[in-house]
Amino acid sequence: MTDARQVIDNEVKSNDVVLFMKGTPQFPMCGFSSQVVQILNYLGVPYKGINVLEDEGIRQGIKEYSSWPTIPQLYVKGEFIGGCDIAREMFQAGELQQLFTDKGIQIQQSA
Numbered sequence: 104m105t106d107a108r109q110v111i112d113n114e115v116k117s118n119d120v121v122l123f124m125k126g127t128p129q130f131p132m133c134g135f136s137s138q139v140v141q142i143l144n145y146l147g148v149p150y151k152g153i154n155v156l157e158d159e160g161i162r163q164g165i166k167e168y169s170s171w172p173t174i175p176q177l178y179v180k181g182e183f184i185g186g187c188d189i190a191r192e193m194f195q196a197g198e199l200q201q202l203f204t205d206k207g208i209q210i211q212q213s214a
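Read left to right, the sequence shown gives residues 104 to 214 (the numbering used here).
In structure tokens form, the structure reads like this:
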């Protein structure tokens, strides 16, 4: 499990926005992952999607890494933000957009 933790830690620390998800940004494999992808795509935020279905170590490891039991999991500048419900609520309240702005991440929101 240590290798998975190192991979997760490296991804979280080396990418401004990371989404650990089921499937890929192009082909989400669950509704919750799809909702977060839609939010990030709508905001035009560059992010890295990591498919936890491709690696059982990552799938289990990310839950331990964040102490959060579900996937998807969104990280911004190394900070765990939350899963689908939290990301959606923050987006609807304008808090997610503010977080990206505060962290220096450019939003290119679609019209």
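Note that the Cβ used here is the ideal one computed from N, Cα and C, for glycine as well.
No experiment lies behind these values; they were computed from the predicted model shown.
According to the neighbour-count rule (16 or more other Cβ atoms, all chains shown, within 10 Å of its Cβ), is residue i buried or exposed?
i, result
"residue 178", "buried"
"residue 169", "buried"
Mapping DSSP to helix, strand and coil, what is residue i?
i, result
"residue 145", "helix"
"residue 111", "helix"
"residue 207", "coil"
Measure the C-alpha to C-alpha separation of residue i and residue j and round it to an integer number of angstroms.
i, j, result
"residue 205", "residue 156", "32 angstroms"
"residue 191", "residue 107", "28 angstroms"
"residue 214", "residue 141", "With a pLDDT of only 48 at residue 214, under the threshold of 50, the placement of this residue in the model should not be trusted, and no figure is reported."
"residue 165", "residue 152", "13 angstroms"
"residue 132", "residue 144", "16 angstroms"
"residue 198", "residue 126", "26 angstroms"
"residue 200", "residue 148", "10 angstroms"
Could you tell me which residues DSSP puts in a beta bridge with residue i?
i, result
"residue 128", "Answer is none; residue 128 lacks a bridge partner."
"residue 201", "Note: residue 201 sits in no beta bridge, so no partner."
"residue 151", "121"
"residue 182", "179"
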